[in-house]
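**Q**
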Amino acid sequence: MPHDQSPATVIILCGVPAGTSATAFRTLAAEPRASGVPVTWVADRSDLVRLATEEADANWALSLDTTSAISRQELRQQLATVRQSAGSVDTVVIHGNATLPPRDILLDGGIRTAVVDRFDDVPRGNRRPAPEGWACRSVLWGLWEVQAASVPNQGIIERLLSWAAASHIQPGSLLVIHADAGTGCGVQETAKRLSGQLAWCTSVGRRCGVRMARAADLPALLGSGDHARSGSVLRAA
94 MPHDQSPATV IILCGVPAGT SATAFRTLAA EPRASGVPVT WVADRSDLVR LATEEADANW
154 ALSLDTTSAI SRQELRQQLA TVRQSAGSVD TVVIHGNATL PPRDILLDGG IRTAVVDRFD
214 DVPRGNRRPA PEGWACRSVL WGLWEVQAAS VPNQGIIERL LSWAAASHIQ PGSLLVIHAD
274 AGTGCGVQET AKRLSGQLAW CTSVGRRCGV RMARAADLPA LLGSGDHARS GSVLRAA
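Residue numbers for the sequence shown follow my numbering, so the first one is 94 and each next one is one higher.
#1: What is the residue span of the alpha helix (DSSP H) that W293 lies within?
#2: Rounded to whole angstroms, what's the CA-CA distance from V182 to A223? Just pull it up for me.
#3: Would P125 pass as a contact of V135 if the rule is Cβ separation under 9 Å?
#4: Considering just the uninterrupted stretch of the beta strand (DSSP E) at T133, what are its terminal residues?
#5: Considering Cα atoms alone, identify which of T113, D140, T116, V130 is closest to I105.
#6: Does the separation of the CB atoms of P195 and R165 fall below 9 Å?
#7: Measure the C-alpha to C-alpha separation of R304 and G202 and round it to an integer number of angstroms.
#8: Given a cut-off of 9 Å, decide if L233 and D210 are closer than it, judged by their beta-carbon atoms.
#9: DSSP state of G180, grouped into three classes?
#10: Helix, strand or coil: how does DSSP classify Q240 here?
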């Protein structure tokens, strides 16, 4: 990677299988911790509250189930429960084609980043421009929405090889990846997929340099004006 180019920024999200024990989670988190690659762990409210109590140093994101209707008051209560029990959780993850929950409630509940599979249609325009190559928008000031990379329906190795071969990581761009592909698989399969993703990031970092960040880092990265100053860097040799 030329020295005058900013590295690409990569954020890895990994869903925690429902009911995962604290012991199983520590095993799942061991490899990324050893490699120094930050991972944002995604869990529903009950699992997040339970696990974050014992694993407070992990970076957590709340998975919001939008398949059924949720009232504004119910959303407030969910966010308040997470905030009171798990501390500072400022990221939510929403899968599928669902519409983002009320943005003002998310913001009031301490949420600063919402990771989505697609942007919903809103009448208002983007309040703050995102850098080129960053699939981000801010419809409500203080809340950033970021679109995760679409994942082909194929095995992890095939996905990684196709991504590497196609050079999908461009200098200065942003790539947000669901390591578990949002499949809701078990702990062993999740660990296998995550291991492959970490190996891919390391390989790409050695070839062209990438900056690894957490989902919680996005507002600071976007607001700094310098999108290459936060996170851990995997550099080309």
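Built from N, CA and C at the ideal position, the CB exists for glycine as well.
Source: prediction; values computed, not measured.
**A** If we stick to the structure as given:
#1: Unbroken alpha helix (DSSP H) run through W293: 280-301.
#2: If I take the Cα positions, the gap works out to 23 Å.
#3: Here P125 is not near V135, since their CB atoms are 9 Å or more apart.
#4: Segment 132-136, the beta strand (DSSP E) holding T133.
#5: Nearest to I105 by C-alpha distance, out of T113, D140, T116, V130, is V130.
#6: For P195 and R165, yes; Cβs fall inside 9 Å.
#7: R304 and G202 have their C-alpha atoms roughly 29 Å apart.
#8: Contact flag unset, no.
#9: In the structure shown, G180 sits in coil (DSSP, three-state: anything other than H, G, I, E or B).
#10: When secondary structure is reduced to three states using DSSP, Q240 falls in the strand class.
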